[in-house]
Amino acid sequence: MKKVTILLADDHPIVRHGMRAVLTSLEGMEVIAEAKNGEEALGYIAELRPDVAIVDLSMPGMGGLDILRQLKETDHPVKVIINTGFKDESLLKSALKLGAKGFILKENALTEIGFCLEKVLGGGRYISDELTELMISANEQEAPDFLAGLSMLTLSERKILKYVAMGKSTKEIAAELVLSYRTIENHRNNICKKMGLTGGNALLKFALDNKDKL
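Using numbering that gives the first Met the number 0, the letters of the sequence shown map in sequence onto residues 0 to 213.
Structure, rendered in structure tokens:
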């Protein structure tokens with residue numbers, strides 16, 4: 000049976016050594032390279048094409064997020080697991096948005112990596128329990144801010160937001176409400192300004208993510 004090939008990227012040799020020891024003890028896993036920075040990691044990924052890359056978030060030069068950005072641009076199939084000491088919800092969200100398949104804390108990495116690999120190799124995502132709790136807590140704190148922003152919308156804007164959540168285009172919403180295309184676009188722009196949304200699909204994503212609260 001073909002072994003799962005793994006690249007380790009961390010600027011601390013002791014971390015790489017500990018992770019290699021654990022991975023070597025897992026059936027079907029093979030560490031094929033170690034990198035001490037992001038540039039080396041990307042070089043090994045391009046040359047050796049490992050199945051999985053376990054990378055540190057913070058390294059000299061390019062860190063884990065930089066690696067994810069580069070890989071996203073090239074649509075590389077390697078599954079990236081972030082191994083970090085940072086308990087930061089915004090970093091976690093950034094990593095997941097850039098395509099990370101796993102996110103574990105160094106303090107628990109040696110005991111969690113087996114579970115993480117099983118989930119990731121099975122096509123899922125794995126996030127350390129402690130980080131999951133962090134995200135839940137952060138979302139609970141964000142709820143009042145969301146409601147405050149929603150309260151700034153007019154009835155017309157909220158109605159349009161509901162249509163957006165239904166997947167309707169500006170043209171379709173205009174037809175439903177018997178309004179001009181430009182009027183709907185103006186409402187959409189106002190919603191984005193009030194809710195602090197930027198980017199082409201930001202309004203659609205926001206509406207879909209929060210349709211149960213509208």
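Glycine included, C-beta positions come from ideal geometry on N, C-alpha and C.
| Query | Result |
| --- | --- |
| What is the DSSP secondary structure of LYS118, reduced to helix, strand or coil? | helix |
| Give the C-beta separation of VAL79 and ILE66 to the nearest angstrom, bearing in mind that I take them to be a contact with Cβ-Cβ under 8 Å. | 7 Å |
| Put LEU203 into one of helix, strand or coil per three-state DSSP. | helix |
| Bridge partners for VAL30 per DSSP, in chain order? | ILE5 |
| If we ignore side chains and look at the alpha-carbon of each, how far apart do ARG15 and TYR43 end up? | 15 Å |
| Does DSSP classify PRO143 as helix, strand or coil? | Annotation note: pLDDT 47 at PRO143 (below 50); position unreliable, coordinate value reported separately. Of the three classes helix, strand and coil, the one that applies to PRO143 here is helix, per DSSP. |
| Please list the terminal residues of the continuous alpha helix (DSSP H) segment that includes ASP65. | 63-73 |
| To the nearest angstrom, how far is the alpha carbon of PHE114 from that of ALA174? | 51 Å |
| If I follow the unbroken alpha helix (DSSP H) through THR153, where does it start and stop? | First-last for THR153: undefined, no H or E at that position. |
| Would the region 20-36 and the region 0-7 be scored as touching if the rule is three or more Cβ pairs under 8 Å? | yes |
| Under 6 Å Cβ to Cβ from ILE126, same chain only, skipping five residues before and after it: list those, please. | PHE102 |
| Would you mind sorting ASP208 into buried or exposed? The rule is 16 or more other CB atoms within 10 Å of its CB. | exposed |
| Please report the distance separating the alpha-carbon of GLY84 from that of VAL177. | 54 Å |
| Going by other Cβ atoms of all chains shown within 10 Å of its Cβ, with 16 needed for buried, is ALA142 buried or exposed? | Unreliable placement is indicated for ALA142, whose pLDDT of 48 sits below 50; the coordinate value is still reported in the next sentence. Counting Cβ neighbours within 10 Å, ALA142 comes out exposed, since fewer than 16 surround it. |
| Quick one: give me the first and last residue of the beta strand (DSSP E) that ALA52 is part of. | 51-55 |
| Alpha carbon to alpha carbon, what distance is there between ARG68 and LYS105? | 22 Å |
| Among SER150, LEU70 and LEU203, which residue has its Cα nearest to the Cα of ALA164? | LEU203 |
| Apart from the five residues just before and just after LYS180, which ones in its own chain have a Cβ nearer than 7 Å to its Cβ? | In the sequence as presented, Lys is not what sits at residue 180; that position holds Tyr. The residues are THR169, LYS170 and ALA173. |
| Please tell me whether GLU88 and GLY60 are closer than 8 Å, where the distance is taken between their beta carbons. | no |
| I need the DSSP call for GLY113, collapsed to helix, strand or coil. | helix |
| Once DSSP output is grouped into helix, strand and coil, what is the label at LEU216? | Because the chain spans 0 through 213 in this model, residue 216 falls outside it and cannot be assessed. |
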